[in-house]
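Residue numbers (the working numbering), protein chains in the order written: chain X, 1 to 356; chain Z, 1001 to 1323.
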């Protein structure tokens, strides 16, 4: 009897222990995946602060470094890692170079004077000292003319975000609150525009903008944003439908017209959804590449960051460190905005992604 | 759900509209105006015009010399120009590699982060999402660096960890080897899985817990629960992601353009359909032919979408249909 009871008593403990083990294992798995996932990010940051000379030298370490030097009696000498006769390997500065014997000085103890060493110094390896070049970011900033690209991108993103949110809100209000004949067909048409490949409409649109003299300006990129995009309208309509109609009706009885209701009832209630749509569009605009590439070709002073970065990559393809620095610079603003508003943003993704 | 309910409600018998209803409809149309105008100006009319353009030999630099040539462009694209077929096949080939890996990875992350046993769930979610915020051009440049055959960390890590020769011209030339380049491009895409991951997570949280409890009582293990409950229940989300992914793949353009300006390096492998379309339309400015290619892409997209929707009834589970 007693023997049979034992496992029963121990059961809650084992369950707890098993739970603990799976927590450790699964969290560990997530950490491992995250580590692999972030390797390129760390690579980008580390590479961005590397010194120029590091890329062409064999034996250069993976971290930002310069070859070690030591100032001895007013002159810079190169530091090598030297195997000594007693089996030790020490980092010594090479003072007098010789074919078969050379003289070194110990940087930690220069007072001890020169150390004679037998062997060919050419076969020694250089030592590297950590030396992150934070100035690479400043260099990338000026070389790529980042202030101009940033200004262009911000102006473009802010104007189109305003247009996209305003127009989508108006249309979503129309879909959510009014009985219109054929509304469902119109709604279906709007949803279908989301999966229409943009190329189909591109050439005539380009031609019209060319005839209007808009190619080479931002107008072809800005104006269409004011005519409401399917996904944005969908998200806002879903949200507007959850706002109680009683509020509208109360306002209507008080004599408010549709515009008044839209501005003083619907919009204030829908701030989270409007923020989500605004963020979506902001990131879209920040990332936009094909439109600016086509419409701004040959006007580098109007380039946004994406197109400017591509041109920079073509010009300075050898400056790996500057390219990584510029790439990281372009990511700073979206990442900051994301961290400030992630909750609203992620809820918006769920609404557009799951409910459709 | 709300959509079908709305459709039901609208199907009232046709009677003459009262003045109040007319007024309401007029107000509604006023609010819909940005969409109606935008739809006409940026979708419907350009689509029709695009078709008309495809019947012309047309260069915008010399619009006076435009010549009506009937279906010559179409004939050329379908029968004479092998590059159209090749670039389309490349696009499909790449999609067949990148979509399953991308969807699989985002689903894997979602299942991992949905587990009761993960500590710091929100932090993980934020960190896995973060690279999605980085502009794609920067993503491509960072990954091209880390995949560099000589100095990239991926090859260094592979060589250190496994001892296989990975570094250098005899090693893994991710961006220059025609056999590897699609996998390299697929890896760029892994930094954009944030949205899919969040949508999958929401889908997973929507699976009724009673199902799991019942399965546990029946003695189903984790894999059985995954195969018989989790995956079937989120097939609508997978379907939605698949449709968007296929349409997106057809327009894949940025990475090959940023890395090699559309030369197709290596061995033409990265001259995808959209890259070829860009070349014809905006490098050679043969816009009549470009419009033809665009229309062909539209037809491809339509066929693929219809095929996907047709396949849906065999594998996508919709709870509401069983009412």
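Note that beta-carbon positions come from the ideal geometry of N, C-alpha and C, so glycine has one too. It should be emphasised that the depicted structure is a prediction, and the values quoted were computed from it without experimental measurement.
(message) Could you check whether the Cβ of residue 200 of chain X sits closer than 8 Å to any Cβ belonging to chain Z?
(response) yes
(request) Return no unless some Cβ of chain Z is closer than 8 Å to the Cβ of residue 214 of chain X. (result) Taking 8 Å as the CB threshold, residue 214 of chain X stays off the interface with chain Z.
(message) Please confirm whether residue 1238 of chain Z has its beta-carbon closer than 8 Å to some beta-carbon of chain X.
(response) no
(request) Inspect the beta-carbon positions of residue 1197 of chain Z and residue 335 of chain X and report whether they are closer than 8 Å. (result) no
(message) Check whether chain X comes within 8 Å of residue 1166 of chain Z, counting only Cβ atoms and requiring the distance to be less than that.
(response) With 8 Å as the cut-off, residue 1166 of chain Z does not count as an interface residue toward chain X.
(message) Please list, in chain order, the chain Z residues whose beta carbon lies closer than 8 Å to that of residue 338 of chain X.
(response) 1129, 1130 and 1133
(request) With 8 Å as the C-beta to C-beta threshold (strictly closer), list the residues of the segment 1242-1255 of chain Z near chain X in chain order. (result) 1243, 1244, 1247, 1250, 1251, 1253 and 1254
(message) Taking the beta strand (DSSP E) that residue 77 of chain X belongs to, which residues open and close that run?
(response) 75-83
(request) Figure out for me which residue from Z/1273, Z/1297 and Z/1315 has the closest Cα to the Cα of residue 1093 of chain Z. (result) Z/1273
(request) Closer than 8 Å by beta-carbon distance: list the chain X residues that pair up with residue 1021 of chain Z, in chain order. (result) Ordered by position in chain X, the residues that pass the 8 Å Cβ test against residue 1021 of chain Z are 179.
(message) Could you tell me the alpha carbon to alpha carbon distance between residue 1088 of chain Z and residue 67 of chain X, rounded to whole angstroms?
(response) 50 Å
(request) Starting from the C-beta of residue 316 of chain X, find all residues in its chain whose C-beta is less than 8 Å away, skip the five residues before and the five after it, and write them out in chain order. (result) 143, 322 and 323
(request) Please compile the residues from chain Z whose C-beta is within a distance smaller than 8 Å of the C-beta of residue 286 of chain X. (result) 1135
(request) List the whole-angstrom C-beta distance separating residue 215 of chain X from residue 1050 of chain Z, where the pair is believed to meet the contact cut-off of C-beta under 8 Å. (result) With 8 Å as the limit, residue 215 of chain X and residue 1050 of chain Z do not qualify as a contact, their Cβ atoms being about 17 Å apart.
(request) Taking only the alpha-carbon atoms, compute the straight-line gap between residue 1303 of chain Z and residue 1282 of chain Z and give it to the nearest angstrom. (result) 26 Å
(request) May I ask you to list the residues that DSSP assigns as paired with residue 96 of chain X? (result) X/103
(request) Specify, as a first and last residue, the run of the alpha helix (DSSP H) that residue 211 of chain X falls within. (result) 199-211
(message) What does the alpha-carbon distance come out to for the pair residue 280 of chain X and residue 1044 of chain Z?
(response) 25 Å
(request) Pull up the distance between the alpha-carbon of residue 1190 of chain Z and that of residue 1102 of chain Z, whole angstroms please. (result) 6 Å
(message) Between X/284, X/29 and X/294, which has its C-alpha nearest residue 1285 of chain Z's C-alpha?
(response) X/294
(message) Taking 6 Å as the limit between beta carbons, can you name the residues of its chain near residue 351 of chain X, skipping five residues before and five after?
(response) 235 and 238
(request) Closer than 7 Å, Cβ to Cβ, to anything on chain C: give me those residues from the segment 1277-1303 of chain Z, in chain order. (result) Absent from the structure is chain C; the protein chains it does hold are X and Z.
(request) Compare the beta carbon distance of residue 167 of chain X and residue 1034 of chain Z with 8 Å and say whether it is the shorter of the two. (result) yes
(request) For residue 71 of chain X, write down the residues that DSSP places opposite it in a beta bridge. (result) X/76
(message) Quick check on the DSSP output: the beta strand (DSSP E) that includes residue 128 of chain X runs from which residue to which?
(response) Counting along the chain, the beta strand (DSSP E) containing residue 128 of chain X begins and ends at 128-130.
(request) Inspect the CB distances between the segment 22-36 of chain X and the segment 97-113 of chain X and report whether three or more fall short of 8 Å. (result) no
(message) Rounding to the nearest angstrom, what Cα-Cα distance links residue 132 of chain X and residue 272 of chain X in this structure?
(response) 42 Å
(request) Run through the segment 309-348 of chain X for me and flag every whole alpha helix (DSSP H) of 4 or more residues, listed as ranges in chain order. (result) 320-340
(request) State the start and end residues of the unbroken beta strand (DSSP E) segment that holds residue 115 of chain X. (result) 114-118
(message) I need the DSSP call for residue 183 of chain X, collapsed to helix, strand or coil.
(response) The answer is helix: DSSP assigns residue 183 of chain X an H, G or I state.
(message) So with CB distances below 9 Å, who are the chain Z contacts of residue 159 of chain X?
(response) Neighbourhood of residue 159 of chain X in chain Z, by CB distance below 9 Å: empty, with the nearest CB roughly 16 Å away.
(message) From the DSSP secondary-structure annotation, give me the bridge partner or partners of residue 1056 of chain Z.
(response) Z/1068
(request) Would you kindly check if the distance between the Cβ of residue 1147 of chain Z and the Cβ of residue 1184 of chain Z is under 8 Å? (result) yes
(message) Whole angstroms are fine: how far does the CA of residue 305 of chain X sit from the CA of residue 161 of chain X?
(response) 17 Å
(message) Under DSSP, the alpha helix (DSSP H) around residue 169 of chain X begins and ends at which residues?
(response) 146-177
(request) State buried or exposed for residue 86 of chain X, treating a residue as buried only when at least 16 other CB atoms are found within 10 Å of its CB. (result) exposed
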